[in-house]
Amino acid sequence: MKILFVLTSHDKLGDTGKKTGFWIQEFANPYYTLLDKGADITLATPKGGAAPIDPSSDTPDASTKDTERFKNDAVAKEKIKHTLVLGEIDPNDYDAVFYPGGHGPLWDLANDNTSISLIETFNKQRKPIGFVCHAPAALKGVKNEDGTPLVKGKKVTGFTNSEEEAVQLTNVVPFLVEDMLKTNGGIFSKKADWAAYAVQDGNLITGQNPASSELVAEKLLAFLN
């Protein structure tokens with residue numbers, strides 16, 4: 229199993245002066261879930277090089293067994309520091325793609341033409357495409373072959389409006405994931421704030437929040453096996 233992880237290169241949280249990036253738990257849990265099952269994982273970002281970690285995800289409160297494992301994993305940390313450039317990736321080399329969240333993707337991956345065309349290629353090949361939390365932002369401009377939004381008529385979830393409200397970033401983010409998925413015709417469902425929840429519709433797998441990371445990884449794995 230060769231799996232591509234696409235992470236954000238964006239590290240500025242709007243005009244707040246604060247940093248953002250990817251959410252460690254949303255990377256670490258799927259990374260180890262898949263790695264421990266023998267997956268060969270490649271990391272890529274729009275700019276290549278170091279993928280920025282959201283400081284809010286690197287706190288004792290946000291710590292899990294997977295984030296602790298990551299902190300002690302020299303190999304994984306090197307991979308995060310030296311991601312490949314997304315534009316140099318050939319989708320034909322991979323069996324699946326997974327996008328961890330964090331707020332970063334709202335600014336770069338949502339509008340990245342390379343990422344958009346990559347997802348469209350994976351989708352055309354009926355390979356699993358997985359997203360968790362804010363990562364469904366990367367689906368914003370993705371189309372089906374007939375030009376309709378990829379999520380139109382599909383069951384989806386993602387970081388909810390109420391969760392964004394709870395972290396007080398509703399007026400900071402460029403758009404709300406839940407609103408965008410609904411606007412693009414997605415059949416959006418959710419559980420209570422912070423509850424683990426993932427939805428699969430064909431090869432499209434989406435998770436609601438950090439707690440949903442493992443569910444997305446497990447569904448991706450089941451699709452491949």
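Read left to right, the sequence shown gives residues 229 to 453 (our numbering).
We put the CB at the ideal spot given by N, CA and C, even for glycine.
Only a predicted model underlies this, so the values are computations on that prediction, with no experimental measurement involved.
Assigned exposure category for residue i - 16 Cβ within 10 Å defines buried
| i | result |
| --- | --- |
| residue 377 | buried |
| residue 333 | buried |
| residue 392 | buried |
| residue 341 | exposed |
| residue 390 | exposed |
| residue 244 | exposed |
| residue 254 | buried |
| residue 298 | buried |
| residue 439 | buried |
| residue 396 | exposed |
| residue 237 | buried |
| residue 300 | exposed |
| residue 343 | buried |
| residue 442 | buried |
| residue 293 | exposed |
| residue 418 | buried |
| residue 239 | buried |
| residue 416 | buried |
Assumed close pair residue i, residue j - CB separation to whole angstroms, cut-off 8 Å
| i | j | result |
| --- | --- | --- |
| residue 314 | residue 346 | 7 Å |
| residue 295 | residue 256 | 5 Å |
| residue 248 | residue 331 | 4 Å |
| residue 388 | residue 421 | 7 Å |
| residue 265 | residue 449 | 6 Å |
| residue 335 | residue 288 | 27 Å between Cβ atoms; not a contact. |
Pair within 7 Å by beta-carbon distance, residue i and residue j
| i | j | result |
| --- | --- | --- |
| residue 409 | residue 379 | yes |
| residue 444 | residue 370 | no |
| residue 258 | residue 350 | no |
| residue 386 | residue 433 | no |
| residue 286 | residue 252 | yes |
| residue 269 | residue 231 | yes |
| residue 365 | residue 400 | no |
| residue 363 | residue 329 | yes |
| residue 261 | residue 235 | no |
| residue 323 | residue 452 | yes |
| residue 250 | residue 279 | yes |
| residue 431 | residue 356 | yes |
| residue 426 | residue 435 | yes |
| residue 429 | residue 383 | yes |
| residue 271 | residue 233 | yes |
Residue(s) in a DSSP beta bridge with residue i
| i | result |
| --- | --- |
| residue 434 | 359, 427 |
| residue 206 | A query on residue 206 cannot be resolved here, the shown segment of the chain reaching from 229 to 453 and no further. |
| residue 265 | Looking at the DSSP assignment, residue 265 forms no beta bridge with any residue, so it has no partner. |
| residue 234 | 272 |
| residue 416 | 384 |
| residue 247 | 240 |
Quiz item: Counting only runs that start and end within the segment 273–338, where is the alpha helix (DSSP H) found for 4 or more residues in a row?
Solution: For the alpha helix (DSSP H) assignment, the uninterrupted runs of no fewer than 4 residues enclosed by the segment 273–338 are, from N- to C-terminal side, 293–299, 302–309.
Practice problem: Could you pull out every unbroken beta strand (DSSP E) segment of at least 3 residues lying fully inside the segment 355–405, listed in chain order? | Solution: The DSSP assignment places complete beta strand (DSSP E) segments of no fewer than 3 residues inside the segment 355–405 at 357–360, in order along the chain.
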